[in-house]
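**Student:** Residues 21 to 220 (our numbering) are what the sequence shown spells out, left to right.
A virtual CB, placed ideally from N, CA and C, is assigned to each residue, including glycine.
These figures come from a predicted structure and were not determined experimentally.
Let me begin by handing over the structure; questions about it come next.
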Amino acid sequence: MKAILRAVNGKLKTVDNLVHGSNSEQPFSSTQDTLIKVSEEQLHLNNDGIESIRKRLLIGTNESTSVPSHITRVGFTAVTTDHQMNMGMDQTVQFPKIITNIGNGFDSLTGIFRAPVPGLYLFSASILSHAGNEVRCQIVHNGEGLVFIFAGDTATFSTGAKSIVLDLVKNDEVWIKIVHSDDNIFGSSWSSFMGVLIIP
Numbered sequence: 021m022k023a024i025l026r027a028v029n030g031k032l033k034t035v036d037n038l039v040h041g042s043n044s045e046q047p048f049s050s051t052q053d054t055l056i057k058v059s060e061e062q063l064h065l066n067n068d069g070i071e072s073i074r075k076r077l078l079i080g081t082n083e084s085t086s087v088p089s090h091i092t093r094v095g096f097t098a099v100t101t102d103h104q105m106n107m108g109m110d111q112t113v114q115f116p117k118i119i120t121n122i123g124n125g126f127d128s129l130t131g132i133f134r135a136p137v138p139g140l141y142l143f144s145a146s147i148l149s150h151a152g153n154e155v156r157c158q159i160v161h162n163g164e165g166l167v168f169i170f171a172g173d174t175a176t177f178s179t180g181a182k183s184i185v186l187d188l189v190k191n192d193e194v195w196i197k198i199v200h201s202d203d204n205i206f207g208s209s210w211s212s213f214m215g216v217l218i219i220p
């Protein structure tokens, strides 16, 4: 960088001499050409300096600040299709239509997500009740009910939703179950279940 500055200063001194009379006999057009040439050389030197700095920064980058070449990606979204009517206590809610299933952790046949890798996961479910009915669900982790979802209205449709963050090990299971007999869930993609790995 110091060498670049010295070169630029030398060129500027030449221009100063041309402008202030040490070579006053030199035609103006020649002086103008010299100024243009100096400007072009200075731009070239600046670009070289920037490239040199960029290379030094890249060489100085260590592994702790570099971006990993491979990041595990896990995530799914699934929705209901048919209405699920008169469901029994502890029955698993079904989400047969898969929108996203990166990592293949969600099983549309069982409605259960099985963690393909350990990590911190975010899960969310949204349930729509039939008009004038109530539905009560729970997000379950390895058989243990954790948080409840309620939807219901005496006259019209109603949606209940809940989200939860879970620290899972490989093959841990998460699903949605009914916690009250004879509840009904509206289908046609109105109810959904999703999960995503946020920290491996």
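Please go through the same chain and pick out, in chain order, the residues whose beta-carbon is closer than 6 angstroms to the beta-carbon of residue 167, but skip the five residues on each side of it.
**Tutor:** 159, 182, 184
**Student:** Provide the residue span of the beta strand (DSSP E) that contains residue 204, from first to last.
**Tutor:** 203-205
**Student:** Answer yes or no: does any C-beta atom of chain B fall closer than 8 angstroms to that of residue 135?
**Tutor:** Judged by its chain identifiers, the structure shown contains no chain B, having just a single protein chain.
**Student:** So, does the region 194-213 touch the region 140-149, judging by three or more C-beta pairs under 8 angstroms?
**Tutor:** They touch, by the three-pair rule.
**Student:** Among 136, 210, 110, which residue has its Cα nearest to the Cα of residue 177?
**Tutor:** 210
**Student:** Where do the N-terminal and C-terminal ends of the beta strand (DSSP E) with residue 121 fall, by residue?
**Tutor:** 117-122
**Student:** Report the three-state DSSP secondary structure of residue 169 (helix, strand or coil).
**Tutor:** strand
**Student:** Just to confirm the assignment, what range does the beta strand (DSSP E) spanning residue 216 have?
**Tutor:** Taken as a continuous stretch (DSSP letters only), the beta strand (DSSP E) holding residue 216 covers 212-219.
**Student:** Taking DSSP's pairing of strands, which residues face residue 156 in a bridge?
**Tutor:** 170
**Student:** I think residue 110 touches residue 140, with their Cβ atoms under 8 angstroms apart; what is that distance to the nearest whole Å?
**Tutor:** So it is not a contact: roughly 27 angstroms between Cβ atoms.
**Student:** Residue 208 by DSSP, collapsed to three states: which one?
**Tutor:** coil
**Student:** Once DSSP output is grouped into helix, strand and coil, what is the label at residue 104?
**Tutor:** strand
**Student:** Taking the beta carbon of residue 198 as the centre, do at least 16 other beta carbons fall within 10 Å, making it buried, or is it exposed?
**Tutor:** buried
**Student:** Give the DSSP-derived three-state secondary structure of residue 181 in the structure shown.
**Tutor:** Strand, per DSSP.
**Student:** Buried or exposed: which applies to residue 81, given that a residue is buried once 16 or more other Cβ atoms fall within 10 Å of its Cβ?
**Tutor:** Bear in mind that the predicted position of residue 81 carries a pLDDT of just 44, short of 50, making it unreliable; the figure below should be weighed with that in mind. Exposed: under 16 other Cβ atoms inside 10 Å.
**Student:** What is the DSSP secondary structure of residue 113, counted as helix, strand or coil?
**Tutor:** coil
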